[in-house]
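Working notes, structure below.
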Amino acid sequence: MKITTEYIKLEQFLKLVEAAQSGGEAKHMIQDGQIQVNGETEIRRGKKLRHGDEVLANGKTYKVE
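Per my numbering, the sequence shown starts with residue 1, numbered consecutively.
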């Protein structure tokens, strides 16, 4: 997924790539340890994703470009 800003927050990114249908769903996915960023489980909704980061959600990998 291409972004036009310096970073995007993890919760917003999950909604943008449609890995989560809502902010509430994204919040629960993150808090339940279902999301990995660059191979590490991430539990912070506000984690800033930057170009080159990889997010694993629902068995699918998304790259921030």
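Beta carbons: idealized from backbone N, C-alpha and C, even for Gly.
Simplified DSSP state of residue i, which is helix, strand or coil
i   : result
K47 : coil
Q31 : helix
Q21 : coil
K15 : helix
Range covered by the beta strand (DSSP E) that runs through residue i
i   : result
E54 : 54 to 57
K9  : 7 to 9
Spatial distance of residue i from residue j (CA atoms)
i   : j   : result
K60 : T4  : 22 Å
A57 : K27 : 13 Å
E25 : R44 : 14 Å
Q36 : H51 : 16 Å
G39 : D32 : 16 Å
Residue(s) in a DSSP beta bridge with residue i
i   : result
T41 : Q36
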